[in-house]
Amino acid sequence: MSLQTLEQSLIDGIQAAADETELESMRVSALGKKGALSERMKTLADMTPDERKVAGAELNALKEKLTQAIAAKKAGLQAKSLEARLATEKVDVTLPARPETQGSIHPVSQVWEEIVQIWGDLGFSVAEGPHIENDFYNFTALNMPAEHPARQEHDTFYFHPKGDGTRMLLRTHTSPVQIRTMLEQKPPIRIIAPGRTFRSDSDQTHTPMFHQIEGLVIDEETHLGHLKWALAEFCKAFFEIDDVKMRFRASHFPFTEPSMEVDINCSWEGGQVKIGQGTSWLEILGSGMVHPNVIKAGGLDPDRYQGFAFGMGLDRIAMLKYGIPDLRAFFEADLRWLRHYGFRALHIPTLAGGLSS
Ligand code: PHE
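Numbered per our numbering, the sequence shown spans residues 62 to 418.
As structure tokens, this is what we get:
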């Protein structure tokens, strides 16, 4: 076979390859160790030096040609298969989320998010503190010195005493975040602190772990009117009704003076609680003007700074808003309960888009 015929047949073979596998076997049979070209190379040994010079150059040129032809064919095949994939593997990004999506958002997470949205809109940022606290932040700095009787109301979970006799504890409320924030930030301060809290207590309306939201405002001119207005704004937004009747009842907390508990108006028709109507009242939070001793413990001058604070039970207002009867079910991880009371995973509460819709 002349070299030209061989070249033609190899080039034809390369061109005819239908896919990359066929092309690869063509490459092996042309340029491989036992391929056509290698066979030809062997014949060089029997030639005279002059013949070999000419034939060797021809064979090298052919090798170069074939290598290029294979590379070009390979690129062509790859482009073609990419095009074919792009044509068949289409994703329609306008399709709705698959209806069989599993999982839902727990009412606590939902309400947590709703509350952050509402206070965020009022200019509050979110602050955090540890679950494991020491005595100073949870009690002493909040105007509850060692023998203060209010400590007993807290049913505190204590850890074993440390070497120096002090005991760490699980925070009984989110109020320690007030102190941590005052020590870290300069006024004006406007924060909320949602989080877990712990008390040794368990029945239909109490669980050993529950959630609270603390609120704190500190600056030079804040008064009780601001507190009432802010809480009223919150209730309207949270319960998604235009008019919420609220009752501010005198109360006592060591860390606020004066102190008030806030009730909202509701009805209990047919065993279902409805907010904003009827003749009943439900307590939803504790609040008051921050006690001067607390401001001092937060490292600030009480003659210059004052403000208000409040604390709400997050689980409790979730029960009220969404008509959930038993608190304990919140933490039992029962799938049937979660499917019933849970929220769609892709619904993110915003004031503009609607909190719970
Ligand atoms: N920490 C109080 C509680 O757990 C609630 C509260 C917070 C009251 C802030 C007043 C001000 O009951």
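The beta-carbon is built from N, C-alpha and C at its ideal position, and this holds for glycine as well.
For this session: Following the continuous beta strand (DSSP E) through N326, name the residue where it begins and the one where it ends.
Result: 317-328
Exercise. Hey, would you say the C-beta of A370 is under 6 angstroms away from at least one heavy atom of ligand 1?
Worked result: yes
For this session: Could you tell me the distance, in whole angstroms, from the CA atom of A291 to the CA atom of M307?
Result: 12 angstroms
Problem set entry | Minimum C-alpha distance to A424 - residue among A79, P315, S99 | One cannot answer for residue 424 here, as it falls past the ends of the chain, which runs 62 to 418.
Exercise. From F404 to W398, what does the alpha carbon distance come to, in whole angstroms?
Worked result: 11 angstroms
Exercise. Counting pairs of Cβ atoms below 8 angstroms between the region 120-132 and the region 90-98, do you hit three or more?
Worked result: yes
Problem set entry | For Q367: DSSP bridge partner residues | DSSP, once it has assigned bridges, lists D280 as partnering Q367.
Exercise. Can you give, in chain order, each stretch of the alpha helix (DSSP H) that sits fully within the region 233-289 and has at least 4 residues?
Worked result: 237-245
For this session: With DSSP as the reference, label H313 as helix, strand or coil.
Result: strand
Exercise. Cβ atoms of G368 and T235: under 7 angstroms apart, would you say?
Worked result: no
Problem set entry | Counterpart residues of R308 in DSSP-defined beta bridges | D324
Exercise. Which partner residues of G372 appear in the DSSP bridge assignment?
Worked result: E275, G347
Problem set entry | Option nearest C327 by Cα separation, candidates L285, A390, K382 | K382
Exercise. Where does S341 fall in DSSP's three states?
Worked result: strand
Exercise. Considering only residues of the same chain and omitting the five flanking positions on each side of R212, which have a CB-CB separation below 7 angstroms?
Worked result: The residues are F200, M205.
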